[in-house]
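If you're matching positions, the sequence shown starts at 9 in the working numbering and goes up one per residue.
Heads up, the thing below is written out as structure tokens.
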Amino acid sequence: MCGYNCYQRQFDNPMETHRDIPTNTLDNVLLAAAALSSSNLFVVSGAGLAIPVIPPMDVIVRLGISAYHQIGSYPARQAPQTEIRERLLPPRSLFDHAERWKGFLLCGVYDEALAAFFQRHIYRPIEESAPANYRIFNFVPPPAVLFDFNTDALLANYCEPPHIVLNPHGAIERRIIEHPEFEQFLRAAAEFGLALPNSSGLWLPGPELKTITRRNEYKFATERLSRPAEFLLLIGYSFGRQPNGNIDDDESFEFLGELLKRFHRQIVVVDPCPEHVSGLFEDRLRQRICACKLYWNHFAEAGCLAMAETPDAPNLFCLSRRIAQVYDERTR
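Set out below in structure tokens:
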């Protein structure tokens, strides 16, 4: 693979704790491209993989408030403070993004309505040509396993096959959202608390249940992570980190931590701010973690462009210098 195993020397002493964060674009790209060029790759992805195709959570919260105001129907009640309200309608947002009197009216919104608006706002139609965020996986040796915590189902629609996409938190009901009368359903959810069907086991924002790792996706992930391979690539996933420093997805973190302790892989974290997640795994596994400070969408666009320019290239790693050049041009 054009010599990407040269990075193995950074892991000669796995018990020596050290977080490797390159200081220049090329070294960041080399690490990410090495992982993407490897066989039997296991990817763990979160919201950072989908940005800007899917907006970040604070934007989704604002969109939900705006959509509710457009309907203009507010239940006359004081709703209990639930986990989903804490994530999708946090108290600070009630008055930061709405007039005071409207903020008080939002206090009665049904959880079912919050869930329905959330699903609509992360829904995107499937395009004939996949956005670069997903298209870059065309250049990853198949079959990779993509363990995707995003619930928009885009990665599965764009990348399976040739890869195996698992959605441990379920996925939105795309066919229902695409129904021509879906807006009427939203109104019914807002006025009467009508809930969307949930056939895929969609897990809405909030702390995971202790039993979530009993799902079939985790069983399959266990089988795949136990196979010999070099890399685990973690893209834009904070495990649901909250402002107080806690993480919502603690069960999934412990699940991955336990497996990676038994079946060692080189962990590469790709994120504009990778320190938090790198630190979590560093503390859990006591091994070197490679942290790459990269915006996934710009890295993916640069990778796709480099491969289009040199279609004979065997993998992304061989084009790392060109990818780094394009990335710098796009992020200047």
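Note that the Cβ used here is the ideal one computed from N, Cα and C, for glycine as well.
**Item:** For R329, the three-state DSSP class (helix, strand or coil)
**Value:** Taken through DSSP and simplified to helix, strand or coil, R329 comes out as helix.
**Message:** Does Y15 pass the burial test, meaning 16 or more other C-beta atoms within 10 Å, or should it be called exposed?
**Reply:** Low confidence applies to Y15: its pLDDT is 41, below 50, so where it sits in the model is not reliable, and the reading given next is rough at best. So Y15 ends up on the buried side.
**Request:** Please list, in chain order, all residues of the same chain as G54 whose beta carbon is under 6 Å from its beta carbon, the five residues on each side excluded.
**Result:** Excluding its 5 nearest sequence neighbours in each direction, G54 has C-beta neighbours in its own chain below 6 Å: F157, G244, Y245, listed in chain order.
**Asked** Cα-Cα, which of E225, A229, L233, G287 is closest to F247?
**Response** That would be G287, whose Cα lies nearest to the Cα of F247.
**Message:** Given this structure, state the Cα-to-Cα distance separating I255 from E189, to the nearest angstrom.
**Reply:** Annotation: I255 to E189 spans about 37 Å, alpha carbon to alpha carbon.
**Option in Q333, F261, F289, K269 with minimal Cα separation from H306** = Ranking the options by Cα distance to H306, first place goes to Q333.
**Request:** Check whether the region 153-169 touches the region 193-200, taking contact to mean three or more Cβ pairs, one atom from each stretch, closer than 8 Å.
**Result:** With the cut-off at 8 Å, the region 153-169 and the region 193-200 do not touch.
**Prompt:** Taking just the CA atoms, how far does S81 sit from F126?
**Reply:** Taking the straight line joining both Cα atoms gives about 17 Å.
**Message:** For S328, which residues in the same chain have their Cβ closer than 6 Å to its Cβ, ignoring the five residues on either side in sequence?
**Reply:** Only V37, L38, A41 meet the Cβ criterion.
**Prompt:** With distances taken from CA atoms, which of R70, V117, D104 is nearest T90?
**Reply:** When only C-alpha atoms are compared, the closest one is V117.
**DSSP three-state assignment for E337, whether helix, strand or coil** = Helix.
**Message:** The beta strand (DSSP E) that contains A299, what's its start and end?
**Reply:** From DSSP, the beta strand (DSSP E) with A299 extends over 297-301.
**Request:** Using the Cα positions of T221 and D257, report the straight-line distance between them to the nearest angstrom.
**Result:** D257 has its alpha-carbon roughly 11 Å from the corresponding atom of T221.
**Request:** Measure the C-alpha to C-alpha separation of C326 and F155 and round it to an integer number of angstroms.
**Result:** Taking the straight line from one Cα to the other gives about 26 Å.
**Asked** When the distance is taken between beta carbons, is A179 closer than 8 Å to A159?
**Response** The question names Ala, yet the displayed sequence has Thr at residue 159. Between T159 and A179, the C-beta spacing is below 8 Å.
**Message:** Strictly by DSSP, which residues pair up with D156?
**Reply:** For D156, which the question treats as bridged, DSSP gives the partners S53.
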